[in-house]
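Trainee: Numbering follows the working numbering, with no gaps: position 308 of the sequence shown is 668.
All residues carry an ideal CB built from backbone N, CA and C; glycine is no exception.
Small disclaimer: the values here were computed from a predicted structure and weren't measured.
Before I ask anything, here is the structure I am working with.
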Amino acid sequence: MGVSIEKQLRTYSGLELYNMEVTEIPFLVERLIPKGFVTALSASPGIGKTTFARQLAICIATGEKKFLEFKISDDNKRKVLYITTEEIKNQVSFNLKAQFEPSKSEVGSLKNLDVHFENGLYDNSSKFSNKLDLLMNQKQYDIVVIDVFGDVFDGNSMNSSLDMRKAVREIERTMRLNKSTCLIVHHNNKYTGSSSRPSSDNIQGGGGFVQRVKSVLQLTEKKGTVRLYITKANFLRREELENYYALEQNEKSGNFRIKSKESIEVDKPISSDEFHLSNLRSQLISKRGLSNGELLSEILKVRNPRARKGQYYASTTAKTYREKFKGVLFIEEEEGTWEIRTNTSSPIKAK
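This is how it looks when you write it as structure tokens:
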């Protein structure tokens, strides 16, 4: 679907925009998925992101009023396109039979759910953005679910912020032209942090991907409970992101429901001293017999690692730091030299 040059070059005055009858940003699914934009759903393998996304697709296609406890917009055509890259027809058929709840809707309503198998078994030469244009030209969809993004990514590298932004922008362009909304299912990197709350740093592609989407939903699992976090939402107040939803799954269908709404635990902040001591220990773990000058130099480097050589903090800073922690945590003087402790009881004997 082409756009004329005139439309591409059109500008709007501030007065025109101010006078538009807009009082709120519309959501397809309350709080979770804003209309007309790209939302990301990410999780590590095995947590249930495909089950979650399919449950959402079924709810919209079959005319349910809510997904979990979130209201689904009445202003929709109940048309869903689900693009799967990891499943085949037998799998989808089996999972639909499990997840569809006939007590809520007629089975005939599943005709509103179109499934496209983008699994590379057929033509894999065309760019995905071109295929998406063709699919969207066939029917007006309320939402397109892409599961998973990594398999349809057309860029050179998912580590490139530019490539990631461009790929999301292409999808967003197609949604705008077709007055539709998109949910991208995406993988997390292996999480190695200590924070109790997930962040965009855990998502493959990092900043470039997250910056371009308007909303980010993340699923995690802790102590056997799946948690739903809204970690980015351009159209919600910050305080609305201070909770997560504890989910539980139906043993038979696998469908999620909200068990409780909980406040996000606030991690105890790491003090500057603790941070620098940790860095110092890790960097000096194999060194022993450091002179006073050598130790002070190493402390300065850890305290200000970005500074160029010769631009570290004044040596008085290092001396104060050394004296403050002398014999207390990690540093112990021995015959005029210094070693690094691993605990408070005995110094490490470096190899």
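For Thr534 versus Leu494, is the C-beta distance shorter than 7 Å?
Mentor: Looking up residue 534 in the sequence shown gives position 174. Looking up residue 494 in the sequence shown gives position 134. It is not a contact, given that the beta carbons lie outside the stated cut-off.
Trainee: Buried or exposed for Ile630, going by 16 or more other Cβ atoms inside 10 Å?
Mentor: Taking the first residue of the sequence shown as 1, we reach residue 630 at position 270. Reliability of the predicted coordinates at Ile630 is poor, the pLDDT of 43 falling under 50, and the value obtained from them is presented with this limitation in mind. Result: exposed.
Trainee: In or out: Asn562 buried (at least 16 other Cβ within 10 Å) or exposed?
Mentor: Taking the sequence shown and counting its residues from 1, the one referred to as residue 562 is at position 202. Classification of Asn562: buried, given that the 10 Å Cβ count is 16 or more.
Trainee: Run the CB neighbour count on Arg587, radius 10 Å, all protein chains shown included, and call it buried at 16 or more, exposed below.
Mentor: Within the sequence shown, residue 587 is the residue found at index 227, counting from 1. With 16 or more other Cβ atoms within 10 Å, it is buried.
Trainee: Assign Ser623 to one of three DSSP states: helix, strand, or coil.
Mentor: On the sequence shown, residue 623 is found 263 positions in, with the first residue counted as 1. Strand.
Trainee: Considering only the beta carbon of each residue, do Leu607 and Ala403 sit closer than 7 Å?
Mentor: The sequence position of residue 607 within the sequence shown is 247, counting from 1. The sequence position of residue 403 within the sequence shown is 43, counting from 1. Result no, Cβ atoms of Leu607 and Ala403 do not sit closer than 7 Å.
Trainee: Alpha carbons only, please: which of Ser520, Gln564, Ser560 is nearest the one belonging to Ala593?
Mentor: Within the sequence shown, numbered from 1, the residue matching residue 593 stands at position 233. Nearest option by C-alpha distance: Ser560.
Trainee: When DSSP labels each residue in this structure, what does Phe397 get in the three-state scheme?
Mentor: On the sequence shown, position 37 is the one that residue 397 refers to. Coil at Phe397, not helix or strand.
Trainee: Out of curiosity, what's the CA-to-CA distance linking Arg529 and Arg572?
Mentor: For this step, residue 529 is matched to residue 169 along the sequence shown. For this step, residue 572 is matched to residue 212 along the sequence shown. Using only the alpha carbons, I get a separation of about 7 Å.
Trainee: Pick helix, strand or coil for Gly572, following the three-state DSSP scheme.
Mentor: The count along the sequence shown starts at 1 and reaches residue 572 at position 212. Per the sequence presented here, residue 572 reads as Arg, with Gly not at that position. The answer is helix: DSSP assigns Arg572 an H, G or I state.
Trainee: Assess, as a yes-or-no matter, whether the stretch 495-505 is touched by the stretch 514-521 under the definition of 3 or more beta carbon pairs within less than 8 Å.
Mentor: No, the stretch 514-521 is not in contact with the stretch 495-505.
Trainee: Can you check whether the CB of Lys457 is closer than 7 Å to the CB of Asp724?
Mentor: Here the chain comprises residues numbered 361 to 711, so residue 724 is not present and cannot be evaluated.
Trainee: Identify which residue in Lys425, Val467, Glu622, Ala527 has its Cα closest to the Cα of Lys487.
Mentor: Within the sequence shown, numbered from 1, the residue matching residue 487 stands at position 127. Comparing Cα-Cα distances from Lys487 to each of Lys425, Val467, Glu622, Ala527, the minimum goes to Ala527.
Trainee: Which of the three DSSP states is assigned to Asp493 in this structure?
Mentor: Start at 1 with the first residue of the sequence shown, and residue 493 comes out as number 133. Three-state result, Asp493: helix.
Trainee: In this structure, how does DSSP classify Glu384 when only helix, strand and coil are distinguished?
Mentor: On the sequence shown, residue 384 is found 24 positions in, with the first residue counted as 1. Coil, per DSSP.
Trainee: Return the chain-ordered list of same chain residues with a C-beta closer than 7 Å to the C-beta of Phe387, the five sequence neighbours on each side being excluded.
Mentor: Residue numbering aside, residue 387 sits at position 27 when the sequence shown is read from its first letter. Cβ neighbours of Phe387 beyond the five flanking positions: Ile393, Pro394, Lys395, Ser433.
Trainee: Since Thr591 and Val508 should fall inside the 8 Å C-beta cutoff, what is the C-beta to C-beta distance between them, to a whole number of angstroms?
Mentor: Here residue 591 is taken as the residue at index 231 of the sequence shown, counted from 1. Here residue 508 is taken as the residue at index 148 of the sequence shown, counted from 1. Wrong, their Cβ atoms sit about 18 Å apart, outside the cutoff.
Trainee: So which of Lys409, Ser489, Lys367 has the shortest CA-CA distance to His546?
Mentor: Taking the first residue of the sequence shown as position 1, residue 546 is located at position 186. Nearest of Lys409, Ser489, Lys367 to His546, Cα basis: Lys409.
Trainee: Would you kindly report the start and end of the unbroken alpha helix (DSSP H) that includes Ile420?
Mentor: Your numbering for residue 420 matches position 60 in the sequence shown. It spans 409-421 - the alpha helix (DSSP H) in which Ile420 sits, taken as one unbroken run.
Trainee: Does Ser453 pass the burial test, meaning 16 or more other C-beta atoms within 10 Å, or should it be called exposed?
Mentor: By one-based count along the sequence shown, residue 453 stands at place 93. Exposed: under 16 other Cβ atoms inside 10 Å.
Trainee: In chain order, what residues of the same chain lie with their CB nearer than 7 Å to the CB of Ile418, ignoring the 5 residues before and after it?
Mentor: For the purposes of this step, residue 418 is taken as the residue at position 58 of the sequence shown. So the list reads Gln459, Phe460, Leu473, once near-sequence residues are dropped.
Trainee: Ordered along the chain, which non-local residues of its own chain (more than five positions away) have a Cβ less than 6 Å from that of Leu428?
Mentor: Within the sequence shown, numbered from 1, the residue matching residue 428 stands at position 68. Excluding sequence neighbours, Leu428 sits near Ile618.
Trainee: Count the other CB atoms within 10 Å of the CB of Ser540; is the residue buried (16 or more) or exposed (fewer)?
Mentor: Here residue 540 refers to the residue found at position 180 when the sequence shown is read from its first residue. Its Cβ being crowded by 16 or more others within 10 Å, Ser540 is buried.
Trainee: Quick check: the Cα distance between Val570 and Gly510, rounded to an integer number of angstroms?
Mentor: Position 210 of the sequence shown, counted from the start, is the residue given in the question as residue 570. Position 150 of the sequence shown, counted from the start, is the residue given in the question as residue 510. So the alpha carbons of these two residues sit roughly 14 Å apart.
Trainee: To the nearest angstrom, how far is it from the Cα of Ile624 to the Cα of Phe397?
Mentor: Taking the sequence shown and counting its residues from 1, one reaches residue 624 at position 264. Taking the sequence shown and counting its residues from 1, one reaches residue 397 at position 37. Roughly 26 Å between the two C-alpha positions.
Trainee: Going by the beta-carbon positions, is the gap between Ala413 and Val505 smaller than 7 Å?
Mentor: As a working mapping, residue 413 is identified with position 53 in the sequence shown. As a working mapping, residue 505 is identified with position 145 in the sequence shown. Result yes, Cβ atoms of Ala413 and Val505 sit closer than 7 Å.
Trainee: Could you give the first and the last residue of the continuous beta strand (DSSP E) run that contains Leu607?
Mentor: Here the question's residue 607 lines up with position 247 in the sequence shown. Where Leu607 is concerned, the enclosing beta strand (DSSP E) stretches over 603-609.
Trainee: Can you name the residues that DSSP bridges to Arg598?
Mentor: Locating residue 598 in the sequence shown gives position 238, where the first residue counts as 1. DSSP, once it has assigned bridges, lists no residue as partnering Arg598.
Trainee: Give the C-beta separation of Leu543 and Leu369 to the nearest angstrom, bearing in mind that I take them to be a contact with Cβ-Cβ under 8 Å.
Mentor: Looking up residue 543 in the sequence shown gives position 183. Looking up residue 369 in the sequence shown gives position 9. With a Cβ gap of about 31 Å, Leu543 and Leu369 do not count as contacting.
Trainee: Return the bridge partner residues of Val504 from the DSSP annotation.
Mentor: As a working mapping, residue 504 is identified with position 144 in the sequence shown. DSSP lists Leu441, Cys542 as partners of Val504.
Trainee: Mapping the DSSP letters down to three states, classify Arg525 as helix, strand or coil.
Mentor: Position 165 of the sequence shown, counted from the first residue, corresponds to residue 525. Reduced to three states, the DSSP call for Arg525 is helix.
Trainee: Write down the C-beta distance between Met524 and Gly568 rounded to the nearest angstrom, noting that I regard them as a contact closer than 8 Å.
Mentor: Position 164 of the sequence shown, counted from the start, is the residue given in the question as residue 524. Position 208 of the sequence shown, counted from the start, is the residue given in the question as residue 568. Contact flag correct, Cβ pair sits at about 4 Å.
Trainee: Where does Asn379 fall in DSSP's three states?
Mentor: Locating residue 379 in the sequence shown gives position 19, counting from the first residue. Asn379: coil per DSSP, three-state reduction.
Trainee: Quick one: Cα of Leu470 to Cα of Ser489, how far?
Mentor: Taking the first residue of the sequence shown as 1, we reach residue 470 at position 110. Taking the first residue of the sequence shown as 1, we reach residue 489 at position 129. C-alpha separation (whole angstroms): 26 Å.
Trainee: What do you get for Ile531, buried or exposed, if any count of 16 or more other CB atoms within 10 angstroms of its CB means buried?
Mentor: As a first step, residue 531 is located in the sequence shown; it is residue number 171 there, counting from the start. So Ile531 counts as buried.
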